[in-house]
Structure formats: C-alpha cells, structure tokens
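First the structure, in the form of structure tokens, and then the observations on it.
Residue numbers (UniProt numbering): 1 to 357.
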C-alpha cells in the first residue's frame, strides 16, 4: 500500500524551482529597465517583447537580425565562478554583426539555460547583458530562462542571444563601389573576445595554471579574470562614423575564422585584402597563448582576432576623416592594409610582415 503523500510529486521534486525563476525575474527588472530607448519601454513579463520602429525614428527601414552565443568561454566563467561579463560578450557577438551591415541595433533577447537555477548567478549574467545593451544602444525586451535538470551538469549553463537592428533602405553595407586601392583600417580588440576558447582552455591545461593564479600576461589580474575580459562593442563609434562621413564602404567583424575567413566575406570575388601584420599591436595574451601552446602564426590568424576586432574599408582619400571620427569616440585605429586584385582561385587574404608574437 502506498504511503500517504508519497505519490504527490511536484515540479520542484523533479528539480525545477518556479519560485527561483520568479525571484530571478524580480532581481533583473532594474537592469532591464536601464536599457530603455526610443521604441521600447524596457519592461519584461509579457508573452512577447514590443518595439515601435516609428518611435525609433525610422521611415523606410530594412530589418537585420543576428544570433550568436559565447561558446566555451562560458566554461571559464563557470570554473572561475565569474559571471558578470559573459552577458556583455553575448550582446557583443550579436550587435557587432548587425553594425557591420550598417544597421543600428534596436532590441535584444536572451536565452539562459541551466541545470539548477541560482537566482543570484542568473541576475549577474543578465546584468551583464543589460550592460552590453546599454553600450550598444539597444533595448533588452525579453528573454527565456530555462531550468533543465539532467541536461546540464553541476553549475553548467548556456547562453544564446538574438538581436534585431534596422537601416534605412539603400544604406546597408557593404556598398557596391569597393575597389582596388581602398584602405583597410583595423579597430583594436580588448583581447581574445569570444572565439577560440576551446584552444585557449587547452593551452591553459598545458600551462598547468589555475584560474585564480596570476595571469602571466596581465599584471594585477588572475588568469580567469584576464581571459574573461569582455568583447568590445563597436556599435556607437561605427554608427557615428557611418552617419557623419558616409565614407565607410564595408565592415567586417573579426570573429571565428580570424582574418582569412571574415574579411573576404565583405569583398567582391575579384578583390582581396593585403594585410600588413607588422602594423598590428598584438596584445600580450596572444603572445602568451602562442608561446605556451606552440601555436603557429597561420593558426593564430585563423583562430583569433590577434588584436584587431573589427576592420573598415574606406577610399584612400577618406582615411583621415574616418580615423578622426573613430578616434574621437575612443577607438584605436590601425592602418592595416589595402584592397588588392584577386585572381581566380586566389586567397582572399594575403599577408605582409610578421605578427609580433
């Protein structure tokens, strides 16, 4: 005979705590409100997020959408128990992909999945997402928190982001007049950003360093803290340069695949990029990764940004004008190379010089 009450299972008995989810929502409401902008009121709780394009100032917009994650950088955040910056990475990986098409990011939604919800941890992550949204000028209008016991082990979790932007019709990038001799400018990165972390983690294991050990390449920081430096969000400086100069022909976000994969994506098939590797100010983290892991230059260039997180293509006569606007917004601009003719079957990216690893 079944003992009284033993068959009265609840969702909590199955490992899902609805009260914890409600508590997290209350914790993140101030952060969400902080992302308000024209077109969105910054409130959450409905079945869908709303955005008013007319209130945002658009008359004949084309919408541009992008989604991404943070990859195995999350494993470092989990192992180092630092969760306040990966939300910035999540936003950055999406909105940087919007601005390269000339679009202004409008709104963002996140997906946070975990085995056991910790409201404080979840709130820290979402506060990072809200910070990234403020940096990009977009509203956090919704998201999903999924507690899935059995799907994620221990304190593991995953993040995905989805962003929508807009540009007035006819103002999308790249433009059609890209030409041989155009200049390629680089915007410096903050470090590894959010790509190549499976290799980073492999190199750390070879180094036998722990996440709380001093970072060999960043004075005053632990290894975990240094490697979790968030991805730069280039949106506001680039939008200002696009709108004030009308001189930017193409932009490329240097993510997974590095220079050889990302730059050719924005060039016509008959054009390639000649990159002067000597011009790149390589951050110390990349030198440490290359030396500790014995990683060759070619592999570094196709795995990491190596110090350049974004490239812009402009006519040679417009270099000074575009550089001045970007510099006024705090960007470090590097004369990186030039657009060259590309033979059939030839490489889309060719190199001069050597990375200062």
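For every residue, glycine included, the Cβ atom is placed at its ideal position computed from N, Cα and C.
- The three-state secondary structure of residue 16, taken from DSSP, is coil.
- Cα atoms of residue 331 and residue 187: separation of roughly 7 Å, rounded to the nearest angstrom.
- With respect to the 7 Å criterion, residue 230 and residue 88 are classified as neighbours on the basis of their beta carbons.
- Residue 35 sits in coil when the DSSP states are folded into three classes, being neither helix nor strand.
- Secondary structure at residue 195: coil, using DSSP grouped into helix, strand and coil.
- Per DSSP, the beta bridge partners of residue 188 are 308.
- Secondary-structure assignment with DSSP links residue 351 through a beta bridge to 275.
- Assigned with DSSP and collapsed to three states, residue 357 falls in coil, not helix or strand.
- With 16 or more other Cβ atoms inside 10 Å of its own Cβ, residue 194 counts as buried.
- For the options 79, 99 and 131, the alpha carbon positioned closest to that of residue 28 is the one of 131.
- Residue 296 is not a Cβ neighbour of residue 337, given a cutoff of 7 Å.
- Comparing alpha-carbon positions, the option among 232, 234, 238 and 204 lying closest to residue 222 turns out to be 204.
- Annotated three-state conformation of residue 338 is strand, per DSSP.
- Between residue 69 and residue 267, the alpha-carbon positions lie close to 26 Å from each other.
- The residue among 109, 41, 228 and 150 with its C-alpha nearest the C-alpha of residue 163 is 109.
- Per DSSP, the beta-bridge partners of residue 161 are 68 and 110.
- Distance from the Cα of residue 277 is smallest, within the candidate group 150, 349, 39 and 270, for 349.
- Excluding its 5 nearest sequence neighbours in each direction, residue 218 has C-beta neighbours in its own chain below 6 Å: 226, listed in chain order.
- Looking at the DSSP output, residue 250 bridges to 313.
- Here residue 174 is not near residue 23, since their CB atoms are 7 Å or more apart.
- In this structure, residue 31 lies away from residue 95, with their beta-carbon atoms at least 7 Å apart.
- Within the model, the alpha-carbon separation for residue 239 versus residue 324 is close to 14 Å.
- Cβ contact annotation for residue 62 (same chain, cutoff 6 Å, sequence separation greater than five): 167 and 169, in chain order.
- Rounded to the nearest angstrom, the Cβ distance from residue 272 to residue 264 is 7 Å, consistent with a contact under 8 Å.
- By the C-beta criterion, the segment 341-348 is judged not to be in contact with the segment 277-290, since fewer than 3 inter-stretch pairs fall below 8 Å.
- By the criterion of a C-beta distance shorter than 7 Å, residue 98 is surrounded in its chain by 64, 66, 105, 163 and 165, once the five residues flanking it on both sides are discounted.
- Taking a C-beta distance under 7 Å as the contact criterion, residue 284 and residue 307 do not qualify as a contact pair.
- Of all alpha-carbon atoms in 107, 60, 191 and 124, the one lying nearest the alpha-carbon of residue 161 is that of 107.
- Under DSSP, residue 152 forms a beta bridge with 149.
- Inclusion of residue 145 and residue 112 in the CB contact set at 7 Å is warranted, their separation being smaller than that value.
- Taking 7 Å as the cut-off, the beta carbon of residue 117 is found closer than this to the beta carbon of residue 20.
- Contact check for residue 183 against residue 319 passes: the beta carbons are separated by less than 7 Å.
- Separation of residue 155 and residue 335 (C-alpha to C-alpha, rounded to the nearest whole angstrom) is 44 Å.
- Residue 56 has its alpha-carbon roughly 11 Å from the corresponding atom of residue 138.
- Around the CB of residue 150, fewer than 16 other CB atoms lie within 10 Å, so the residue is classed as exposed.
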